[in-house]
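J.:
2 protein chains.
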Amino acid sequence: MGNLLDKKTGDASLQDQISALEQNLRSLLGDRVSSGTNIREQHGRDEGYHAPCLPDLVIFPKSTEEVSACIKMCAAANLPIIAWGAGTSLEGHVLAVKGGVSFDLSGMDTIVKVSAQDLTATLEPGVRRVQLNTHLRDTGLFFPIDPGADATLGGMASTRASGTNAIKYGTMKNNVISCTVVMADGRIIRTARSASKSSAGYDLTSLIVGSEGTLGLITELTVRLYPIPEKIAAAVCSFATFQGAVETAIATIQMGLGVARIEFMDDHMMSALNTFSGTDFSEQSTLFVEFHGSEIVVKEQVSLFEEISASFGGEELKTAVVTEEREALWKARHNALYATKALGKGQEVLLTDVCVPISRLAECILETREELDASSLVATIAGHVGDGNFHAFILVDPESPEQIEEAERLHESMARRAISLDGTCTGEHGIGVGKRELLVEELGEAVDVMAAVKAVLDPKHILNPGKIFN
Amino acid sequence: MGNLLDKKTGDASLQDQISALEQNLRSLLGDRVSSGTNIREQHGRDEGYHAPCLPDLVIFPKSTEEVSACIKMCAAANLPIIAWGAGTSLEGHVLAVKGGVSFDLSGMDTIVKVSAQDLTATLEPGVRRVQLNTHLRDTGLFFPIDPGADATLGGMASTRASGTNAIKYGTMKNNVISCTVVMADGRIIRTARSASKSSAGYDLTSLIVGSEGTLGLITELTVRLYPIPEKIAAAVCSFATFQGAVETAIATIQMGLGVARIEFMDDHMMSALNTFSGTDFSEQSTLFVEFHGSEIVVKEQVSLFEEISASFGGEELKTAVVTEEREALWKARHNALYATKALGKGQEVLLTDVCVPISRLAECILETREELDASSLVATIAGHVGDGNFHAFILVDPESPEQIEEAERLHESMARRAISLDGTCTGEHGIGVGKRELLVEELGEAVDVMAAVKAVLDPKHILNPGKIFN
């Protein structure tokens, strides 16, 4: 891999094309165009384990109209277009595998409108989730989707992200009402109106959400907000066996308890969290749970959950009701990736992301843990088990071909196990460059249908080439 | 309009083609092929006001493989394919506007699998919603989506249907996990695995849901189920003014009360319901509401709702806790269409279906009611106001060009009002033949994007031609 420029330094005509494009872009954006190595390096990697691929140029457009004009210039020059938000993707989504222009949209970070009446916010794609919730603080509303990283909303929409709250509030699929999208030919469309639901033709919003920048660039989006619950209580419950924790999660979902978060961490992960965050959690299989509702609703849910967890061997619940305690708890959980990385002294983390029907979850985690234990690599497990979704965080030295090979073997084995259990190789991270073959194993000819849609909406294949499809 | 056969009786070559296709289909399906007028007439109309258009043939396939084989035969003959479920669509979705073959899937009504652990059911597309819930009765689970009619699940998926429960449980968009689809060339794909969530490439499930049979035929689907709440309480609240009712609904949503249903009916509709069902509701603007949860949750919600409705001038709540009472209440509500029809003595009902951001709902209903009152036609209003979605039921004599013209004028005016309020011309009924121009007014160039997707997935334009697109 590598960027076009690096691969084909001898290709003078390509170099000329890029220079001409740079000049055109500068005529519109002035100094918001960069070909400097530092900036290109920054935009050539994400938080995953994939080797960097630098774009030829990085631009910083500020409006839908500028994005449209720049896409037209790139299309005329036949050069790739890669959308950039916060660079927190995990499957190489932002890598310029065929060179081209990285559209850094992080400066398009205006919260255009919050409608407390409609429970919606309209925002530019560079708005980050923490920024949004900070902005909302005085409105009594919040936006629930929380991938571990402080990602941009545009990036979260593009990968159909979710996180710990999905069990109650859904994923980005359920929470984007409408997008403004610039298509491969520069056309600007709006996928839907702002009504809460609609049957007006094909669901283009859902087609764009999760399309990883391969069908168009999102330049504005309207998302759902929720009233901050009157009462929020979090709790930690440790189990002597991982089965106890997983069965508790499954029973909690099946009883329709209405839990807002139910997160599983195995003993390895708990140990990593303690070391990283200086916490003193019991280093056993653990559930972090959270309940949202009125005072009496939450009280009832906590007590029902206590009954369930006790019946599966859970220890006494440690509840965190005070905001600071809760925040510390979830901060520790959100640091799972960084805590595992810290175990590794310079190693990268290969992060798996399987999701299975919840009836198959226990066997899937069990077999995964056994396989990890039999390997030479260090790995932790955490997951949004209420959705049937979990991650193995596998430490791997990027300089060691043996470790990379072993990690990839484990990764593929886990994904294939999930597929064999009628699950998916990716619950929330997306396909990127890392899971293109697995996608075909998972969905077969349906991928040809996706590719046909891609081909007709981006006939020059300039929008984030090399992602999702081989 | 009319079917090809009727329009072109002189066209011997077309007649030959149809006869040849009929023979081919018979070689596969035997007597499950019909060209009889009665059967064709049955399959040439829906429950809407659009003039019937008969298919040339009606077939009754029994499996995905048979659907695939029949689609291949139709594709070879270049003849249209129209999926048929229960015929309860409202915008002419099932009309054979260019003749062709009606694929009656009502016999594919097997409930393949219910997984109580996963809270899912896998079923054939001809399963009806009442059948499904009857089947589920002993499992403690239910499927919440309830358009007024006893539609098939395949039809409900195809129009992205919703109904009274959408405010709590979402629409078909949120409740179909995966579909088996036969594409225009006979290819069989599965849009997703059975995991509760996924980021595996484009969201083909959402692309198919709501595509009205224009991209492929759904031959199996996996849907979400929910635990039947421990406690269900319904209530009726009358208001002296429609504003009181609508403002109560809006405040209920904005407070995040978690109501399961909140249905508005205006005074005209309440009178129609009383006449039709022999009930004795107060003939004022009214909300029917329902609360789902544990004993104490429901008690709390009812009491909070009482406070809200009282503050907007609502009369004392009449609660219906016993199952029979509740069922009678919702049966009356679900009869809104038939009750309005009964006012009309042989008249048809033109049913509008706008949905606006809830902040614009009160003005939208007010202006609509004023416009209806100023017209010569009789009309009632009811709506899923928690979603910002409501319907005007306009009585129209199908033999009177003046009445049709007036009804269509009102319909278009309402749809344009909704669009001008950043809403949609259809919250849940779909586009069909009735709203194709309005779709373009609503979404502009986005409709070209939809058309491009259609063209690449159905290059011969044989799947339900004349629907969604002009």
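Residue numbers (the numbering used here), protein chains in the order written: chain A, 63 to 532; chain B, 63 to 532. Cβ atoms here follow ideal geometry from the backbone N, Cα and C, with glycine treated the same way.
I'd like the span of the beta strand (DSSP E) that includes T184 (chain B), first residue to last.
T.: The sequence position of residue 184 (chain B) within the second sequence is 122, counting from 1. Residues T182 to L185.
J.: Taking H473 (chain A) as the query, report the chain B residues whose CB atoms sit under 8 angstroms from its CB, ordered along the chain.
T.: As a working mapping, residue 473 (chain A) is identified with position 411 in the first sequence. Per Cβ cutoff of 8 angstroms: no residues; H473 (chain A) is ~15 angstroms from chain B at best.
J.: If you reduce the DSSP assignment to three classes, tell me which class V321 (chain B) lands in.
T.: For the purposes of this step, residue 321 (chain B) is identified with residue 259 of the second sequence, where counting begins at 1. Coil, per DSSP.
J.: Could you run through the stretch 231 to 260 of chain A and flag, in chain order, every residue whose CB is less than 8 angstroms away from some CB of chain B?
T.: Listed by position, the residues of the stretch 231 to 260 of chain A near chain B (Cβ gap below 8 angstroms) are G232, T233, K235, N236, M245, R249, I250, I251, R252, T253, A254, R255, S256, A257, S258, K259 and S260.
J.: Does A401 (chain A) pass the burial test, meaning 16 or more other C-beta atoms within 10 Å, or should it be called exposed?
T.: Here residue 401 (chain A) refers to the residue found at position 339 when the first sequence is read from its first residue. It counts as buried.
J.: Under the three-state reduction of DSSP, which class applies to K235 (chain A): helix, strand or coil?
T.: Counting from one through the first sequence, the residue named residue 235 (chain A) turns up at place 173. Helix at K235 (chain A).
J.: From the DSSP output, in three-state form, read off K160 (chain A) for me.
T.: For the purposes of this step, residue 160 (chain A) is taken as the residue at position 98 of the first sequence. Three-state result, K160 (chain A): coil.
J.: To the nearest angstrom, how far is it from the Cα of A514 (chain A) to the Cα of L413 (chain A)?
T.: Numbered from its first residue, the first sequence carries residue 514 (chain A) at position 452. Numbered from its first residue, the first sequence carries residue 413 (chain A) at position 351. Near 30 angstroms, if we compare the C-alpha coordinates of L413 (chain A) and A514 (chain A).
J.: Counting Cβ pairs, one atom from each stretch, are 3 or more of them under 8 angstroms apart for the stretch 424 to 444 of chain B and the stretch 507 to 521 of chain B?
T.: Touching, no, given that fewer than three Cβ pairs across the two stretches are closer than 8 angstroms.
J.: Considering H354 (chain A), what are the terminal residues of the beta strand (DSSP E) in which it resides?
T.: Here residue 354 (chain A) refers to the residue found at position 292 of the first sequence. Note, H354 (chain A): beta strand (DSSP E), S347 to G355.
J.: If you follow the alpha helix (DSSP H) that K540 (chain A) is part of, which residue opens it and which one closes it?
T.: No answer is possible for residue 540 (chain A): it lies beyond the span of chain A, which begins at 63 and ends at 532.
J.: If I follow the unbroken beta strand (DSSP E) through G217 (chain A), where does it start and stop?
T.: Residue 217 (chain A) sits at position 155 when you count from the first residue of the first sequence. G217 (chain A) -> not in any beta strand (DSSP E); alpha helix (DSSP H) instead, spanning L215 to S220.
J.: The stretch 350 to 361 of chain B: which residues have C-beta closer than 7 angstroms to a C-beta of chain A, in chain order?
T.: Listed in sequence order: S356, I358 and V359.
J.: Whole angstroms is fine: what's the gap from T226 (chain A)'s alpha carbon to F165 (chain B)'s?
T.: Translated into the one-based positions of the first sequence, residue 226 (chain A) becomes position 164. Translated into the one-based positions of the second sequence, residue 165 (chain B) becomes position 103. Taking the straight line from one Cα to the other gives about 43 angstroms.
J.: So within the stretch 403 to 488 of chain A, which uninterrupted alpha helix (DSSP H) runs reach at least 4 residues, ignoring any that extend past its ends?
T.: Correct list: 423 to 436 and 463 to 482.
J.: Is the CB of T221 (chain A) under 7 angstroms away from at least one CB in chain B?
T.: Counting from 1 along the first sequence, the entry for residue 221 (chain A) is found at position 159. Yes, because at least one Cβ of chain B sits closer than 7 angstroms to the Cβ of T221 (chain A).
J.: Going along chain B, which residues have a C-beta under 9 angstroms from Y288 (chain A)?
T.: The residue labelled residue 288 (chain A) in the question sits at position 226 within the first sequence. By Cβ distance, chain B contributes G318.
J.: Spell out a yes or no on whether the stretch 151 to 163 of chain A and the stretch 119 to 139 of chain A are touching, meaning 3 or more CB-CB pairs, one atom from each, closer than 8 angstroms.
T.: Enough Cβ pairs lie closer than 8 angstroms, so yes.
J.: Given a threshold of 16 other Cβ atoms within 10 Å of its Cβ, counted over all protein chains shown, does V243 (chain B) qualify as buried or as exposed?
T.: Your numbering for residue 243 (chain B) matches position 181 in the second sequence. Per the 10 Å Cβ criterion, buried.
J.: Would you call R199 (chain A) buried or exposed, if buried means 16 or more other Cβ atoms sit within 10 Å of its Cβ?
T.: Counting from 1 along the first sequence, the entry for residue 199 (chain A) is found at position 137. The residue in question, R199 (chain A), is exposed, as its Cβ has fewer than 16 Cβ neighbours within 10 Å.
J.: Check the C-beta distance from M476 (chain B) over to V416 (chain B) and give it rounded, since I have them as a contact under 8 angstroms.
T.: Within the second sequence, residue 476 (chain B) is the residue found at index 414, counting from 1. Within the second sequence, residue 416 (chain B) is the residue found at index 354, counting from 1. The Cβ separation is near 6 angstroms, so the contact holds.
J.: Taking CB distances under 7 angstroms as the criterion, tell me whether D449 (chain B) reaches chain A.
T.: Position 387 of the second sequence, counted from the first residue, corresponds to residue 449 (chain B). Yes - at least one Cβ of chain A is within 7 angstroms of the one on D449 (chain B).
J.: Starting from the Cα of T310 (chain A), find the closest Cα among A:I280, A:E504, A:H453 and A:I420 and give me that residue.
T.: Locating residue 310 (chain A) in the first sequence gives position 248, counting from the first residue. Checked all of A:I280, A:E504, A:H453 and A:I420; the closest Cα to T310 (chain A) is A:I420.
J.: Please report the Cβ distance between G188 (chain A) and G147 (chain A), rounded to the nearest whole angstrom; I am assuming they are in contact, meaning their Cβ atoms lie under 8 angstroms.
T.: Translated into positions along the first sequence, residue 188 (chain A) becomes position 126. Translated into positions along the first sequence, residue 147 (chain A) becomes position 85. Confirmed, about 6 angstroms.
J.: With C-beta atoms as the reference, is G485 (chain B) less than 7 angstroms away from A404 (chain A)?
T.: For this step, residue 485 (chain B) is matched to residue 423 along the second sequence. For this step, residue 404 (chain A) is matched to residue 342 along the first sequence. Cβ atoms of G485 (chain B) and A404 (chain A): not closer than 7 angstroms.
J.: Does the structure place the stretch 374 to 384 of chain B close enough to the stretch 441 to 460 of chain B that three or more beta carbon pairs sit under 8 angstroms?
T.: The stretch 441 to 460 of chain B, when compared against the stretch 374 to 384 of chain B, does not touch it at the 8 angstroms Cβ threshold.
J.: Please identify, using Cβ separations under 9 angstroms, the residues of the stretch 419 to 442 of chain A that lie next to chain B, in order along the chain.
T.: Here the close residues are P419, I420, S421 and R422.
J.: What in chain A is Cβ-close to I484 (chain B), meaning under 8 angstroms?
T.: Against the second sequence, residue 484 (chain B) aligns to sequence position 422. Residue identity differs from the one stated: residue 484 (chain B) is Asp in this sequence, not Ile. Chain A residues near D484 (chain B): R255, S256 and A257.
J.: Cβ of G64 (chain A) less than 7 angstroms from any chain B Cβ?
T.: Locating residue 64 (chain A) in the first sequence gives position 2, counting from the first residue. Low confidence applies here, because G64 (chain A) scores a pLDDT of 36, under 50, leaving its location unreliable; read the following figure in that light. No, because no Cβ of chain B sits closer than 7 angstroms to the Cβ of G64 (chain A).
J.: Should V298 (chain A) and F374 (chain A) be called a contact, given that it needs their Cβ atoms to be closer than 7 angstroms?
T.: Walking along the first sequence from the start, residue 298 (chain A) turns up at place 236. Walking along the first sequence from the start, residue 374 (chain A) turns up at place 312. No; because the gap between Cβ atoms is not below 7 angstroms, this pair is not in contact.
J.: Using beta-carbon positions only, say whether T267 (chain B) and T253 (chain B) come within less than 7 angstroms of one another.
T.: What you label residue 267 (chain B) is simply residue 205 of the second sequence in a count that begins at 1. What you label residue 253 (chain B) is simply residue 191 of the second sequence in a count that begins at 1. In contact: T267 (chain B) and T253 (chain B) (Cβ atoms closer than 7 angstroms).
J.: Contact between the stretch 337 to 348 of chain B and the stretch 469 to 483 of chain B: three or more CB pairs below 8 angstroms?
T.: Result no; under three Cβ-Cβ pairs closer than 8 angstroms.
J.: Can you tell me which of the three DSSP states S339 (chain A) falls into?
T.: Residue mapping note: residue 339 (chain A) aligns to position 277 of the first sequence, counting from 1. Correct three-state label for S339 (chain A): helix.
J.: Using the C-alpha atoms, what's the distance from L519 (chain A) back to G217 (chain A)?
T.: Residue numbering aside, residue 217 (chain A) sits at position 155 when the first sequence is read from its first letter. Residue numbering aside, residue 519 (chain A) sits at position 457 when the first sequence is read from its first letter. When rounded, the distance between both Cα atoms is 20 angstroms.
J.: Do you know how far the Cα of R107 (chain B) is from the Cα of N65 (chain B)?
T.: On the second sequence, position 3 is the one that residue 65 (chain B) refers to. On the second sequence, position 45 is the one that residue 107 (chain B) refers to. With a pLDDT of only 39 at N65 (chain B), under 50, the local geometry of the prediction cannot be trusted, and the value read off the model is given with reservation. N65 (chain B) and R107 (chain B): Cα-Cα distance of roughly 12 angstroms.
J.: Which stretch, first to last residue, makes up the beta strand (DSSP E) that contains L277 (chain B)?
T.: As a first step, residue 277 (chain B) is located in the second sequence; it is residue number 215 there, counting from the start. Here L277 (chain B) belongs to no beta strand (DSSP E), and DSSP marks it neither H nor E.
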